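Here the structure is laid out as structure tokens; the discussion comes afterwards.
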Amino acid sequence: MINAIDNAVNAVSGILYKPYIVPLLLILAGIYFTVRTGLLQFRLFGESIRVVKERPVNLGSTSSFGALMVSTASRVGTGNIMGVSTALCLGGPGAIFWMWVTAILGGASAFVESTLAQIYKKKDTDGSFYGGPSYYMQDALGQRWLGVAFSVVLILTYAVGYNMLAAFNTQDTFSGFAFYNEKTPLVIGSVLAVLFGICVLGGGRRLTKVTEVLVPIMGILYVLVSLFVVITHITALPRVFGMIFGSAFNFKAIFGGFTGSCIMWGIKRGLYSNEAGMGSAPNAAAAADVIHPAKQGLVQMLSVFIDTLLICSATAFMCLFSGIEPSADAAGAAYVQAAVRSALGGFGPVFLAVAVSLFAFTTLLGNYYYTEGCLRFIMKKKPGSTFMTAFRLCATVLVFLGAVISAGLAWDTADLLQALMVIINVPVIILLAKPAIDALRDYETQRKAGKDPVYRAKDNGITGTDCWQD
Numbered sequence: 003m004i005n006a007i008d009n010a011v012n013a014v015s016g017i018l019y020k021p022y023i024v025p026l027l028l029i030l031a032g033i034y035f036t037v038r039t040g041l042l043q044f045r046l047f048g049e050s051i052r053v054v055k056e057r058p059v060n061l062g063s064t065s066s067f068g069a070l071m072v073s074t075a076s077r078v079g080t081g082n083i084m085g086v087s088t089a090l091c092l093g094g095p096g097a098i099f100w101m102w103v104t105a106i107l108g109g110a111s112a113f114v115e116s117t118l119a120q121i122y123k124k125k126d127t128d129g130s131f132y133g134g135p136s137y138y139m140q141d142a143l144g145q146r147w148l149g150v151a152f153s154v155v156l157i158l159t160y161a162v163g164y165n166m167l168a169a170f171n172t173q174d175t176f177s178g179f180a181f182y183n184e185k186t187p188l189v190i191g192s193v194l195a196v197l198f199g200i201c202v203l204g205g206g207r208r209l210t211k212v213t214e215v216l217v218p219i220m221g222i223l224y225v226l227v228s229l230f231v232v233i234t235h236i237t238a239l240p241r242v243f244g245m246i247f248g249s250a251f252n253f254k255a256i257f258g259g260f261t262g263s264c265i266m267w268g269i270k271r272g273l274y275s276n277e278a279g280m281g282s283a284p285n286a287a288a289a290a291d292v293i294h295p296a297k298q299g300l301v302q303m304l305s306v307f308i309d310t311l312l313i314c315s316a317t318a319f320m321c322l323f324s325g326i327e328p329s330a331d332a333a334g335a336a337y338v339q340a341a342v343r344s345a346l347g348g349f350g351p352v353f354l355a356v357a358v359s360l361f362a363f364t365t366l367l368g369n370y371y372y373t374e375g376c377l378r379f380i381m382k383k384k385p386g387s388t389f390m391t392a393f394r395l396c397a398t399v400l401v402f403l404g405a406v407i408s409a410g411l412a413w414d415t416a417d418l419l420q421a422l423m424v425i426i427n428v429p430v431i432i433l434l435a436k437p438a439i440d441a442l443r444d445y446e447t448q449r450k451a452g453k454d455p456v457y458r459a460k461d462n463g464i465t466g467t468d469c470w471q472d
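In this note's numbering, the protein residues as written are 3 to 472.
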């Protein structure tokens with residue numbers, strides 16, 4: 003039964019990742035938004051760093067940094083380690099180059115979708131904000147049914163696909179230790195589920211506080227260890243970059259079998275890691291209390307770079323500089339474990355297990371954060387406490403189940419569901435790009451005039467929004 007489900011999921015996923023569907027859609031959208039925003043990723047990178055330091059407008063509300071940490075908690079996860087390992091082993095070193103391309107182009111897509119989420123966000127009775135793609139599909143596009151469909155797919159992607167995969171990758175990291183046996187996944191799944199349940203039953207505010215502390219510490223420590231590996235193996239620099247660029251531009255090999263190529267694996271795992279264009283991060287971006295939508299768009303663009311250009315590159319370099327060659331048989335935890343053991347000795351696998359556990363835990367929390375907003379959209383109101391308790395318990399059970407399912411089913415389910423999100427969200431943000439582009443121009447005009455930009459919807463031709471009317 004499980005094999006039949008996996009085969010069906012893999013077959014549909016294989017169709018969606020053919021070169022002319024999801025990969026082409028992501029690349030063309032990224033190029034389109036990059037041109038429309040005037041190379042935003044490069045021009046305003048410094049501005050994005052400045053904006054993320056700003057405090058929220060109202061004391062106690064979600065800051066740009068808080069929203070960044072929630073979205074980064076979801077982005078920065080096991081995909082930055084296991085996803086990179088899979089891309090290297092199945093797509094070759096050139097997959098890393100295409101992950102970089104996906105991130106650079108995706109930064110513009112992330113800006114547009116998150117700015118739209120800010121423009122069309124809603125204000126709650128307690129003064130906080132919420133929103134996301136479902137709301138701009140409903141209010142800007144006038145298609146509530148599409149918003150409902152997107153919400154359903156997002157809940158399935160994050161509560162089922164991504165959270166089950168995060169749990170699986172966590173237990174798989176321990177497979178190289180002597181104590182690992184058939185009961186280990188059960189134990190690790192139980193521990194993850196209990197900790198996850200404690201956090202989510204405490205509500206959304208607790209999620210923000212937990213991720214604000216864990217994400218920066220986790221990311222900085224991981225990058226520092228990776229830098230140590232690179233510096234201590236610096237003589238391998240020419241070889242590593244030769245492998246990456248040589249493999250990335252071997253077009254004869256690429257188009258001879260696209261489904262196994264470095265481009266496809268780079269895009270697939272790059273998307274799993276940075277989520278640009280999927281419509282997930284806008285749910286966190288909408289919660290930020292800022293005085294101009296473009297500010298949060300810039301912050302979410304920065305999150306894509308942190309995820310892929312920094313954290314994913316750290317994993318790739320740590321593996322490739324170690325001298326251990328990637329192979330299809332070692333895809334996943336096995337390759338990373340072998341690489342860190344070679345580079346760091348006995349400390350390597352222990353460090354990896356701790357890093358993956360922290361990455362996975364914050365991923366679980368960040369992923370779950372998105373689902374509650376979508377439930378609210380579907381039900382047209384904040385769900386009751388009894389319903390939410392039941393939902394949170396179901397989400398907790400799914401975390402446990404993820405630790406004990408097969409690797410193939412875990413990865414294939416996540417790949418399929420994230421592709422469906424892209425297919426719904428990217429065409430929508432292309433159609434609705436104008437308000438986001440206008441907001442960017444308004445922001446830059448005010449900045450050039452020496453002002454701290456303030457957004458007014460009517461000045462930008464936007465009516466009928468809950469916010470920005472004063």
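Here a beta-carbon is modelled for each residue, glycine too, at the ideal position from N, C-alpha and C.
All values reported here derive from a predicted model rather than from experimental measurement.
Identity of the residue in 124, 30, 141 nearest residue 104 by Cα: Distance from the Cα of residue 104 is smallest, within the candidate group 124, 30, 141, for 30.
Integer Cβ distance of residue 300 from residue 157, believed to fall under 8 Å: Contact doesn't hold; Cβ gap of about 28 Å is too wide.
Spatial distance of residue 263 from residue 332 (CA atoms): Cα-Cα distance, rounded: 17 Å.
Closest residue to residue 470 among 390, 430, 292 (Cα-Cα distance): For residue 470, the nearest C-alpha among the options comes from 292.
Nearest residue (CA-CA) to residue 362, options 174, 43, 46: Of 174, 43, 46, the residue nearest in Cα terms is 174.
Proximity winner among 381, 269, 394, 190, relative to residue 404 (alpha-carbon distances): Closest option to residue 404, judged by alpha-carbon separation, among 381, 269, 394, 190: 190.
Nearest-angstrom Cα separation, counted from residue 25 out to residue 93: So the two alpha carbons sit approximately 15 Å from each other.
The segment 83-98 / the segment 305-325 touching (three or more Cβ pairs under 8 Å): Under the three-pair Cβ rule at 8 Å, the segment 83-98 counts as touching the segment 305-325.
Ordered list of alpha helix (DSSP H) runs contained in the segment 148-207, each at least 4 residues: Taking only runs of at least 4 residues, the alpha helix (DSSP H) segments lying wholly in the segment 148-207 are 165-175, 186-202.
Of the listed residues 95, 198, 345, 290, nearest to residue 235 (C-alpha basis): Measuring C-alpha to C-alpha distances from residue 235 to each of 95, 198, 345, 290 identifies 345 as the nearest.
Nearest-angstrom Cα separation, counted from residue 278 out to residue 467: If I take the Cα positions, the gap works out to 25 Å.
Strand pairing of residue 124, partner residues [DSSP]: According to the DSSP secondary-structure assignment, residue 124 is paired through a beta bridge with 132.
N- and C-terminal bounds of the alpha helix (DSSP H) containing residue 263: For residue 263, no alpha helix (DSSP H) segment is defined, and its DSSP state is neither H nor E.
Nearest candidate by alpha-carbon position, reference residue 281, set 454, 111, 47: Comparing Cα positions, the closest option is 111.
Residue 49 to residue 302 span [Cα, whole Å]: Going from the Cα of residue 49 to the Cα of residue 302 covers about 12 Å.
Runs of alpha helix (DSSP H) lying entirely within the segment 414-464, each at least 4 residues, in chain order: For the segment 414-464, whole alpha helix (DSSP H) runs of length 4 or above, ordered along the chain, are 435-450.
Terminal residues of the alpha helix (DSSP H) in which residue 385 lies: Following the DSSP letters along the chain, one finds residue 385 in no alpha helix (DSSP H), marked with neither H nor E.
Min CB distance residue 466 to chain B below 8 Å: Of the chains in the structure shown, none is chain B; there is only one protein chain.
Nearest to residue 384 (by Cα), restricted to the options 127, 349, 199, 107: Of 127, 349, 199, 107, the smallest CA-CA separation from residue 384 is found for 127.
N- and C-terminal bounds of the alpha helix (DSSP H) containing residue 143: For residue 143, no alpha helix (DSSP H) segment is defined, and its DSSP state is neither H nor E.
Endpoints, the alpha helix (DSSP H) within which residue 28 is located: Run containing residue 28: 24-38, per the alpha helix (DSSP H) assignment.
Chain-order list of residues whose beta-carbon lies under 7 Å from that of residue 53 (same chain, five-residue window excluded): Around residue 53: 66, 297, 300, 301.
Cα-Cα separation, residue 307 to residue 163: Residue 307 and residue 163: Cα-Cα distance of roughly 23 Å.
Best match in 237, 286, 91 for proximity to residue 330 [C-alpha to C-alpha]: The shortest Cα separation from residue 330 among 237, 286, 91 belongs to 91.
Unbroken stretches of the beta strand (DSSP E), 3 residues or longer, contained in the segment 295-329: Segments of the beta strand (DSSP E) lying fully in the segment 295-329: there are none.
Per-residue burial, residue 115 [other beta carbons within 10 Å of its own, 16 or more giving buried]: That one is buried.
DSSP state of residue 218 mapped onto helix, strand, coil: Residue 218 falls in the helix class under three-state DSSP.
Residue interval of the alpha helix (DSSP H) (run including residue 344): Here the alpha helix (DSSP H) through residue 344 covers 335-346.
Residue 96 to residue 129 span [Cα, whole Å]: Answer to the nearest angstrom: the Cα atoms are 47 Å apart.
Buried versus exposed, by CB contacts within 10 Å (16 or more), residue 113: Its Cβ being crowded by 16 or more others within 10 Å, residue 113 is buried.
Short Cβ contact (8 Å threshold) for residue 407 with residue 437: No, the Cβ-Cβ distance between residue 407 and residue 437 is not below 8 Å.
Cβ distance (whole Å) where residue 295 is taken to contact residue 120 below 8 Å: Right, the Cβ-Cβ distance comes to about 3 Å (below 8 Å), so this counts as a contact.
Beta-carbon spacing of residue 269, residue 100 below 8 Å: Taking 8 Å as the Cβ cut-off, residue 269 and residue 100 qualify as a contacting pair.
Residue 396 burial status per 10 Å Cβ neighbour count (16 or more: buried): Taking all protein chains in view, the Cβ of residue 396 is surrounded by fewer than 16 other Cβ atoms within 10 Å, so the residue is classified as exposed.
Local conformation of residue 52 per DSSP, three classes: Note: residue 52 maps to helix in three-state DSSP.
Beta-carbon proximity check, residue 424 vs residue 135, cutoff 8 Å: No, the Cβ-Cβ distance between residue 424 and residue 135 is not below 8 Å.
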